[in-house]
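Undergrad: Please see the structure below; I have some questions.
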Amino acid sequence: NFQYVTVLAIISVFIVLIGCINFMNLSTARSARRAKEVGLRKVAGAVRIQLVKQFLGESFLVTCISLILAFLIAALSLPSVNNLVGKQLHLNFQDPFMVAAVLAITLITGVFSGMYPAFILSGFTPIKVLKKEVKGGAGGVVFRNLLVVIQFVISIVLLVGTTVVYQQLQYIQSKDLGFDKANLLYMTVHGNMEGKINTWRSAFQANPLTENVTISSGLPTNHVSGTASIDWQGKDPSKQIIFAHMFIDEHFIPIYNMALVSGRNFYKDLRGDSTNFIINEKAATVMGFTAASAIGEPLTLWGERKGFIVGVVKDFNFKPLQQGIEPLLLGTNNWGGVVVVKAQPNKTTETIQAMEKVWNNLEDVYPFSYKFVDQDLENLYKSERQVGTLFSVFALLAVIISCLGLYGLSAYIAEQRTREIGIRKALGASVLNILYLLNTRFVIPVFIAMIIAAPLAYFTMSKWLNGFVYQVNFDWAIVLAAGTTALLISVLTVSFESLKAAKVSPVKSLRTE
Numbered sequence: 011n012f013q014y015v016t017v018l019a020i021i022s023v024f025i026v027l028i029g030c031i032n033f034m035n036l037s038t039a040r041s042a043r044r045a046k047e048v049g050l051r052k053v054a055g056a057v058r059i060q061l062v063k064q065f066l067g068e069s070f071l072v073t074c075i076s077l078i079l080a081f082l083i084a085a086l087s088l089p090s091v092n093n094l095v096g097k098q099l100h101l102n103f104q105d106p107f108m109v110a111a112v113l114a115i116t117l118i119t120g121v122f123s124g125m126y127p128a129f130i131l132s133g134f135t136p137i138k139v140l141k142k143e144v145k146g147g148a149g150g151v152v153f154r155n156l157l158v159v160i161q162f163v164i165s166i167v168l169l170v171g172t173t174v175v176y177q178q179l180q181y182i183q184s185k186d187l188g189f190d191k192a193n194l195l196y197m198t199v200h201g202n203m204e205g206k207i208n209t210w211r212s213a214f215q216a217n218p219l220t221e222n223v224t225i226s227s228g229l230p231t232n233h234v235s236g237t238a239s240i241d242w243q244g245k246d247p248s249k250q251i252i253f254a255h256m257f258i259d260e261h262f263i264p265i266y267n268m269a270l271v272s273g274r275n276f277y278k279d280l281r282g283d284s285t286n287f288i289i290n291e292k293a294a295t296v297m298g299f300t301a302a303s304a305i306g307e308p309l310t311l312w313g314e315r316k317g318f319i320v321g322v323v324k325d326f327n328f329k330p331l332q333q334g335i336e337p338l339l340l341g342t343n344n345w346g347g348v349v350v351v352k353a354q355p356n357k358t359t360e361t362i363q364a365m366e367k368v369w370n371n372l373e374d375v376y377p378f379s380y381k382f383v384d385q386d387l388e389n390l391y392k393s394e395r396q397v398g399t400l401f402s403v404f405a406l407l408a409v410i411i412s413c414l415g416l417y418g419l420s421a422y423i424a425e426q427r428t429r430e431i432g433i434r435k436a437l438g439a440s441v442l443n444i445l446y447l448l449n450t451r452f453v454i455p456v457f458i459a460m461i462i463a464a465p466l467a468y469f470t471m472s473k474w475l476n477g478f479v480y481q482v483n484f485d486w487a488i489v490l491a492a493g494t495t496a497l498l499i500s501v502l503t504v505s506f507e508s509l510k511a512a513k514v515s516p517v518k519s520l521r522t523e
């Protein structure tokens, strides 16, 4: 699904953005350390543009090293990615578009991540540096907190997205489709055997393993046939309503364990029902009938097949759950199509062997092949499952990268406040007091990120869910859980370094004072 590819590409850009934010955050936080260097360079004659080039060069160098590592990781992970998406992707360094795209991404990442630190660090004046008026983090605490907020907004939205995708997939897999899909094997009739439906049916019914068989024009999995050439009494001639249509035998409804809400099934020999029809509840409603009143109504298909409605089947999903139930017309099948056999419990292998024997006796051109109905249904949502897995990977990457930046920032701030921590401990502060002091600095931005991420997550995931007619309700508890998870992870990340700083003896912290 190209839409999913686009979404994942956007998410990957956000993950690169998180990495850029980390670089900016740590660079601006360490600005006080480099203030003397900037002051000395300016005193020695360096102009601002030279310093900007130096800092951008450092950023670009880090990005180039990252590019080399990224290629190595991509090459190692490509087999797993190919297995996940079912494609054979490869790194083609001879493709000029790929090379140009990679170089452009590298250049943009290097410039973007280094731009803010370059202009801030290069703006130091020698006089302020010599007077020690430059404080740690020239970008300001507010700016660094803003970057932390952006990081965790992205991480929380991805965590919410992963959970919603998982819930929707679980809902799809567990939803009652209106028919039984278990233990159903099928094969498609080819070649000379088309039109010899009675021959096929007799051959299968002769074996106890395959006697529970139905032959229909299609499967109720992803049915696409439809027509507007249907007439009934009272039809508005100005309306052209598309009816899905399928041709079945008398065993179709029992084998799929469908329910008739009114009327009857087709007769066993089908001859008495050769031109009659069964419709679903949706069709009865569209035609202006109730399930009961539709029975016995005349109906004409394609202007030539004239019969009566003899039954109304309970609505069932014969298309993917992204689409709603449409009007459906079921006629009698007299030519072939798909042979569906309901295997007995724990006798699937024997049933397949029996099917193959029948096939080989009747068909000498096409090789025997079979599929499972429930597997076809699973394959309808293959791309959604792939996206769910990729969402999980991307969410994990986003959280890890965000926490790496948070860890680096907390380590630096703990180092900066070593003396303060020593004094506080000398005055009686406990380890918990110190942990609270250092954690508060980062808990507030993450909490703000939760508030901002909530409406963003709701908007993006509601839009994705709207692609399904049948969908789970968006639960705000998911946002709360994702935000709490991000908050706990950030607290654990910061606490790891803060705990080390809090345990340092005041004697060591203040021995030079």
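Residue numbers for the sequence shown follow this note's numbering, beginning at 11 and rising by one. Note that CB positions come from ideal geometry on N, CA and C, so glycine has one too.
1. If you run the structure through DSSP and keep just helix, strand and coil, what is residue 326?
2. Rounded to the nearest angstrom, how far is the Cβ of residue 244 from that of residue 306, given a contact under 8 Å?
3. Taking residue 134 as the reference, which of 269, 59, 21, 469 has the closest Cα?
4. Check the DSSP bridge columns for residue 272 and list the partner residues they point to.
5. For the beta strand (DSSP E) containing residue 278, list its first residue and its last residue.
6. From the DSSP secondary-structure annotation, give me the bridge partner or partners of residue 241.
7. Note down the Cα distance separating residue 148 from residue 400, rounded to an integer number of angstroms.
8. Suppose you measure from the CA of residue 79 to the CA of residue 72; what does that come to, to the nearest Å?
9. In the DSSP assignment, the alpha helix (DSSP H) including residue 509 goes from what residue to what residue?
10. Under a three-way DSSP split, which group does residue 248 fall into?
11. Determine the closest residue to residue 323 out of 329, 190, 338, 63, with distance taken between C-alpha atoms.
12. Give me the Cβ distance between residue 437 and residue 509, rounded to the nearest whole Å; I'm assuming they're in contact under 8 Å.
13. Among 195, 406, 93, whose alpha-carbon lies nearest the alpha-carbon of residue 28?
14. Who are the Cβ neighbours of residue 389 in its own chain at under 8 Å, not counting the five residues just before and after it?
15. State the Cα-Cα distance for the pair residue 376 and residue 98, rounded to the nearest angstrom.
16. Check whether the region 356 to 366 touches the region 309 to 323, counting contact only when three or more Cβ pairs, one atom from each stretch, lie closer than 8 Å.
17. Closest by CA to residue 372, which one among 126, 206, 85, 84?
18. By the three-class DSSP mapping on this structure, what secondary structure does residue 76 have?
19. Under a three-way DSSP split, which group does residue 257 fall into?
20. Using only the alpha-carbon positions, how far apart do residue 421 and residue 454 sit?
21. Is it the case that the Cβ atoms of residue 167 and residue 511 are separated by a distance below 7 Å?
22. Does the Cβ-Cβ distance between residue 327 and residue 188 come in under 7 Å?
23. Give a yes or no on whether the C-beta atoms belonging to residue 394 and residue 179 are separated by under 7 Å.
24. Please report how far the alpha carbon of residue 89 lies from the alpha carbon of residue 83, in whole angstroms.
25. For residue 102, I'd like the list of residues in its chain whose CB is within less than 8 Å of its CB, leaving aside the five on either flank, ordered along the chain.
26. Using alpha carbons as the reference points, say which of 264, 486, 413 lies closest to residue 35.
27. Helix, strand or coil for residue 550? Go by DSSP, reduced to three states.
28. If you drop the 5 nearest sequence neighbours on each side, which residues of the same chain put their C-beta closer than 7 Å to that of residue 31?
29. Hey, how far is the Cα of residue 212 from the Cα of residue 221?
30. Tell me where the alpha helix (DSSP H) around residue 297 begins and ends.
31. Given this structure, state the Cα-to-Cα distance separating residue 223 from residue 191, to the nearest angstrom.
32. Going along the chain, which residues of its own chain have a beta-carbon closer than 6 Å to the beta-carbon of residue 132, five neighbours each way excluded?
33. Could you check the C-alpha separation between residue 16 and residue 397 for me, to the nearest Å?
34. Just to confirm my understanding: we take residue 260, look at its own chain, exclude 5 residues before and 5 after, and list those with CB closer than 7 Å. What are they?
35. Within a Cβ cutoff of 7 Å, which residues of the same chain sit near residue 26, ignoring the five residues on either side of it in sequence?
TA: Here's the rundown:
1. Within the sequence shown, the letter at position 316 stands for residue 326. In the three-state DSSP reduction, residue 326 falls in the coil class, being neither helix nor strand.
2. Taking the first residue of the sequence shown as 1, we reach residue 244 at position 234. Taking the first residue of the sequence shown as 1, we reach residue 306 at position 296. Between residue 306 and residue 244 the Cβ distance is about 14 Å, and since that is not below 8 Å, they are no contact.
3. Residue mapping note: residue 134 aligns to position 124 of the sequence shown, counting from 1. The residue with the shortest Cα to Cα distance from residue 134 is 59.
4. Numbered from its first residue, the sequence shown carries residue 272 at position 262. Beta-bridge pairing links residue 272 to 322.
5. Residue numbering aside, residue 278 sits at position 268 when the sequence shown is read from its first letter. Neither: residue 278 is in no beta strand (DSSP E) and is coded neither H nor E.
6. Position 231 of the sequence shown, counting from 1, holds the residue named residue 241. In DSSP, residue 241 forms a bridge with 310.
7. Residue mapping note: residue 148 aligns to position 138 of the sequence shown, counting from 1. Residue mapping note: residue 400 aligns to position 390 of the sequence shown, counting from 1. Unreliable positioning characterises residue 148 in this predicted model, as indicated by a pLDDT of 42, which lies under 50. The coordinate reading is nonetheless provided below. Whole-angstrom Cα-Cα distance: 38 Å.
8. If you number the sequence shown from 1, residue 79 lands on position 69. If you number the sequence shown from 1, residue 72 lands on position 62. Distance between residue 79 and residue 72, taken at the CA atoms: about 11 Å.
9. Sequence index remark: in the sequence shown, residue 509 carries index 499 (1-based). Taken as a continuous stretch (DSSP letters only), the alpha helix (DSSP H) holding residue 509 covers 486 to 513.
10. The residue given as residue 248 occupies position 238 in the sequence shown. Look at residue 248 here: in three-state DSSP terms it is coil, with no helix or strand label.
11. Start at 1 with the first residue of the sequence shown, and residue 323 comes out as number 313. Residue 338 is the option with its Cα nearest to residue 323.
12. Working through the sequence shown from its first residue, we reach residue 437 at position 427. Working through the sequence shown from its first residue, we reach residue 509 at position 499. Residue 437 to residue 509, Cβ: 19 Å. No contact.
13. For this step, residue 28 is matched to residue 18 along the sequence shown. The shortest C-alpha separation from residue 28 is found at 406.
14. Taking the sequence shown and counting its residues from 1, the one referred to as residue 389 is at position 379. So the list is empty, once near-sequence residues are dropped.
15. For the purposes of this step, residue 376 is identified with residue 366 of the sequence shown, where counting begins at 1. For the purposes of this step, residue 98 is identified with residue 88 of the sequence shown, where counting begins at 1. The C-alpha of residue 376 lies about 29 Å from the C-alpha of residue 98.
16. Taking 8 Å as the limit for Cβ pairs, the verdict is that the region 309 to 323 does not touch the region 356 to 366.
17. Start at 1 with the first residue of the sequence shown, and residue 372 comes out as number 362. With distances taken between Cα atoms, residue 372 lies closest to 206.
18. Taking the first residue of the sequence shown as position 1, residue 76 is located at position 66. Residue 76 falls in the helix class under three-state DSSP.
19. Mapped onto the sequence shown, residue 257 falls at position 247. Taken through DSSP and simplified to helix, strand or coil, residue 257 comes out as strand.
20. Taking the first residue of the sequence shown as position 1, residue 421 is located at position 411. Taking the first residue of the sequence shown as position 1, residue 454 is located at position 444. If I take the Cα positions, the gap works out to 18 Å.
21. Indexing the sequence shown from 1 puts residue 167 at position 157. Indexing the sequence shown from 1 puts residue 511 at position 501. It is not a contact, given that the beta carbons lie outside the stated cut-off.
22. As a working note, residue 327 is residue 317 in the sequence shown. As a working note, residue 188 is residue 178 in the sequence shown. In contact: residue 327 and residue 188 (Cβ atoms closer than 7 Å).
23. Looking up residue 394 in the sequence shown gives position 384. Looking up residue 179 in the sequence shown gives position 169. A contact, by the Cβ cut-off of 7 Å.
24. To locate residue 89, count along the sequence shown from 1; it is residue 79. To locate residue 83, count along the sequence shown from 1; it is residue 73. Going from the Cα of residue 89 to the Cα of residue 83 covers about 11 Å.
25. The sequence position of residue 102 within the sequence shown is 92, counting from 1. Within its own chain, the residues whose Cβ lies closer than 8 Å to the Cβ of residue 102, once the five positions on either side in sequence are excluded, are 108, listed in chain order.
26. Locating residue 35 in the sequence shown gives position 25, where the first residue counts as 1. Ranking the options by Cα distance to residue 35, first place goes to 413.
27. With the chain covering 11 to 523 only, the question about residue 550 has no answer from this structure.
28. Sequence index remark: in the sequence shown, residue 31 carries index 21 (1-based). Taking residue 31 as the centre and dropping the five residues before and after it, the same chain places the C-beta of 157, 160, 161, 415 closer than 7 Å to its C-beta, in chain order.
29. Against the sequence shown, residue 212 aligns to sequence position 202. Against the sequence shown, residue 221 aligns to sequence position 211. Taken atom to atom, the span from the alpha-carbon of residue 212 to that of residue 221 is near 9 Å.
30. Start at 1 with the first residue of the sequence shown, and residue 297 comes out as number 287. That residue, residue 297, is in no alpha helix (DSSP H); it is neither H nor E in DSSP.
31. Here residue 223 refers to the residue found at position 213 when the sequence shown is read from its first residue. Here residue 191 refers to the residue found at position 181 when the sequence shown is read from its first residue. Residue 223 and residue 191 have their alpha carbons spaced roughly 14 Å apart.
32. As a working note, residue 132 is residue 122 in the sequence shown. If you ignore the 5 residues before and after residue 132, its C-beta comes within less than 6 Å of the C-beta of 58, 61, 62, all in its own chain and listed in chain order.
33. Translated into positions along the sequence shown, residue 16 becomes position 6. Translated into positions along the sequence shown, residue 397 becomes position 387. Residue 16 and residue 397: Cα-Cα distance of roughly 11 Å.
34. As a first step, residue 260 must be located in the sequence shown, where it is residue number 250. Excluding residues within five positions, the ones whose Cβ falls inside 7 Å are 275, 276, 277, 278, 280.
35. Counted from its first residue, the sequence shown places residue 26 at position 16. Excluding positions up to five away in sequence, the list reads 119.
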